[in-house]
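Visitor: Residue numbers (UniProt numbering): 1 to 178. From the three backbone atoms N, C-alpha and C, an ideal C-beta is built for every residue, glycine too.
Spelled out as structure tokens, the structure:
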């Protein structure tokens, strides 16, 4: 494919789906700068994989959501490892602003989101992706199955297993590192 056509195709995809990619990354990572970096990386990956641009993708929104989710989870895991290695905070707390909450409630909400992100990073990649696609993007079981190339019954089992793991760790904080 001609490099100019590739560049134009990526620019078109970025214009149409750039906000979706950014929002997906931000929801997983919780940091604007890192979400912007991931957004840029996603479109650079497309430039390196020209075969994708030649018609192999049926649903760009779903494909980019899945790719962004995977990339964001990878970064979240790297940040967690860095945090554990350096025994310091590896990423900034989420700034989930809700004007109906008082400062204490807002702080508590931000802490809960960070705990959820931490537990999400401890799940298998497939479990985390299924949870994100189901609850953040409201994909159906069938849509998740198509994106991850698994059966829709496996989506249900994986979702249930991931939720159970998170619930267990929330109920028993001493298991959080296990």
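CB-CB under 8 Å to residue 161, same chain, minus the five flanking residues each way: which ones, in chain order?
Guide: Numbered from its first residue, the chain shown carries residue 161 at position 161. Excluding sequence neighbours, residue 161 sits near 127.
Visitor: Tell me the rounded alpha-carbon separation between residue 16 and residue 62.
Guide: Translated into positions along the chain shown, residue 16 becomes position 16. Translated into positions along the chain shown, residue 62 becomes position 62. Distance between the alpha carbons of residue 16 and residue 62: 13 Å.
Visitor: Taking just the CA atoms, how far does residue 25 sit from residue 68?
Guide: Stepping through the chain shown from its first residue, residue 68 is reached at position 68. Stepping through the chain shown from its first residue, residue 25 is reached at position 25. If I take the Cα positions, the gap works out to 6 Å.
Visitor: Determine the direct distance from the alpha carbon of residue 113 to that of residue 100, and round the result to whole angstroms.
Guide: What you label residue 100 is simply residue 100 of the chain shown in a count that begins at 1. What you label residue 113 is simply residue 113 of the chain shown in a count that begins at 1. Roughly 17 Å between the two C-alpha positions.
Visitor: Does DSSP classify residue 69 as helix, strand or coil?
Guide: As a position in the chain shown, residue 69 is number 69, starting the count at 1. It is helical.
Visitor: Can you list, in chain order, the residues of its chain whose CB lies under 8 Å from that of residue 137, leaving out five sequence neighbours each side?
Guide: For the purposes of this step, residue 137 is identified with residue 137 of the chain shown, where counting begins at 1. Correct list, in chain order: 24 and 65.
Visitor: Are the stretch 129-136 and the stretch 144-162 in contact at 8 Å, needing three or more beta carbon pairs?
Guide: Cβ pair count under 8 Å is three or more, so yes.
Visitor: Would you call residue 104 buried or exposed, if buried means 16 or more other Cβ atoms sit within 10 Å of its Cβ?
Guide: On the chain shown, position 104 is the one that residue 104 refers to. So residue 104 ends up on the exposed side.
Visitor: Suppose you measure from the CA of residue 154 to the CA of residue 145; what does that come to, to the nearest Å?
Guide: The residue labelled residue 154 in the question sits at position 154 within the chain shown. The residue labelled residue 145 in the question sits at position 145 within the chain shown. Between residue 154 and residue 145, the C-alpha separation is close to 8 Å.
Visitor: Measure from the alpha carbon of residue 22 to the alpha carbon of each residue in 121, 43 and 12, then state which is nearest.
Guide: Within the chain shown, the letter at position 22 stands for residue 22. That would be 43, whose Cα lies nearest to the Cα of residue 22.
Visitor: Look up residue 8 in the DSSP assignment and say whether it is helix, strand or coil.
Guide: As a position in the chain shown, residue 8 is number 8, starting the count at 1. If DSSP states are grouped into helix, strand and coil, residue 8 belongs with the helices.
Visitor: Excluding sequence positions up to five away, which residues of its chain have a Cβ less than 7 Å from the Cβ of residue 18?
Guide: Stepping through the chain shown from its first residue, residue 18 is reached at position 18. Excluding residues within five positions, the ones whose Cβ falls inside 7 Å are 39.
Visitor: Go ahead and pull the three-state DSSP assignment for residue 27.
Guide: The sequence position of residue 27 within the chain shown is 27, counting from 1. Helix.
Visitor: Buried or exposed for residue 158, going by 16 or more other Cβ atoms inside 10 Å?
Guide: Indexing the chain shown from 1 puts residue 158 at position 158. Label assigned to residue 158: buried.
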